[in-house]
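Below: one structure, written as structure tokens.
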Amino acid sequence: MGITELSTVESLLVALSGIVTVFMMLAVLCLMIPVISKAVASIEGKKAAPAAAAPVPAPAAPAAPAAGGTYTGEVALIGCDEKTAAMVMAIVSYETGIPLDQLIFHKIKAL
Numbered sequence: 130m131g132i133t134e135l136s137t138v139e140s141l142l143v144a145l146s147g148i149v150t151v152f153m154m155l156a157v158l159c160l161m162i163p164v165i166s167k168a169v170a171s172i173e174g175k176k177a178a179p180a181a182a183a184p185v186p187a188p189a190a191p192a193a194p195a196a197g198g199t200y201t202g203e204v205a206l207i208g209c210d211e212k213t214a215a216m217v218m219a220i221v222s223y224e225t226g227i228p229l230d231q232l233i234f235h236k237i238k239a240l
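Following the numbering used here, the residues of the sequence shown are numbered contiguously, the last one being 240.
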């Protein structure tokens, strides 16, 4: 059982067959990904349809101000300007889904 030497042409053919195999598998994966995506989306769509019919609970009432007094609406800005603070408040309101008039900010500090 000896090791045989491959000629240059044979070596190139082996390398070419390996490259062709890799690209064929990539093409198969490119075709399978949309098919699997559609299958998963249809399964998720079937699961989400009954859940959408369920009643949505009413949002909780906003918390009452602390016993210490009424909130005056002033925010302590530490290391940031008013424009940056306004952007932070708008982003928090958007990401949490809570209207801006229901949020209370006491302090905004730049890191």
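Each residue gets a CB set at the ideal place from its N, CA and C atoms; glycine is no exception.
Here the structure is a predicted model, which is why all the values come from computation and not from measurement.
Check	Outcome
Within a Cβ cutoff of 6 Å, which residues of the same chain sit near Leu145, ignoring the five residues on either side of it in sequence?	none
Hey, how far is the Cα of Thr137 from the Cα of Val143?	10 Å
On the DSSP bridge list, what partners appear for Ala205?	Lys236
Within 10 angstroms of the Cβ of Ala239, are there 16 or more other Cβ atoms? Answer buried if so, exposed if not.	exposed
Just reading off the alpha helix (DSSP H) that Thr213 is part of, what are its end residues?	211-225
Ile207: which of Phe234, Leu229, Thr150, Ala219 sits nearest, CA to CA?	Phe234
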